[in-house]
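Just so you know, the working numbering puts 55 at position 53 of the sequence shown, and the rest follows in order with no gaps.
Where is the CB? At the ideal position from N, CA and C, for every residue including glycine.
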Amino acid sequence: MGACRIATATATNRPTGLIPTILHILDAELAGPFSLHLRFNDGFSATVDLRPLLIGPIFEPLLDPNAFAQFTVDPICKTVCWPNGADLAPEAIRSLVPAEQEIGGSPCNAPKCLCGQNFFAR
Numbered sequence: 003m004g005a006c007r008i009a010t011a012t013a014t015n016r017p018t019g020l021i022p023t024i025l026h027i028l029d030a031e032l033a034g035p036f037s038l039h040l041r042f043n044d045g046f047s048a049t050v051d052l053r054p055l056l057i058g059p060i061f062e063p064l065l066d067p068n069a070f071a072q073f074t075v076d077p078i079c080k081t082v083c084w085p086n087g088a089d090l091a092p093e094a095i096r097s098l099v100p101a102e103q104e105i106g107g108s109p110c111n112a113p114k115c116l117c118g119q120n121f122f123a124r
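See the structure below:
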C-alpha cells in the first residue's frame, strides 16, 4: 500500500459550521465493475462510478474489474486504496457525485449551509 500524509487541524485553523475539515471515507462496498457505494464522515453516502479518475499508469491496472475489486479503505488515511499503491482522495471521489444526489437539499450537505454554494464545485 502507498504511503499517505496525515494532516492535522488545530482549533485556530479549523472552519466551523461546514463539513468536517478533512473528508474521510468510512465504508466502501463494491457496487459494480468500477463503482463503489461509499459512506463519508459527514454522513453523506452515494454510489460512485470511479472510471473518470482511473487515469495514468498507477490506475491502469484497475481498469481490470478483478483488480479494481481488490480495494480497501485505508484505516489511517481513510480513503480507498489498492494493493498496487493507488489511492484516491475522498474529495476527488465526492466531486463525481451529481449535485442532484446530494441529500437534504443543502448543496454542501451541512445542516445549515453557511457557504450557500456547493463545497465540491465541479
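If you look at F70, you'll find it in the alpha helix (DSSP H) that goes 67 to 70. By the Cβ rule, the stretch 23 to 33 counts as touching the stretch 74 to 93, because three or more pairs are nearer than 8 Å.
Nearest in C-alpha terms to D66, of all of E31, P35, T23, is P35. Membership of A94 in the alpha helix (DSSP H) is indicated by the continuous run 92 to 96.
When the five nearest sequence neighbours on each side are left out, the beta carbons in the same chain lying within less than 8 Å of the beta carbon of P54 are those of L98, in order along the chain. Counting only the Cα atoms, A101 lies some 26 Å from A71. As DSSP reads the structure, C83 sits in a beta bridge with T74, D89.
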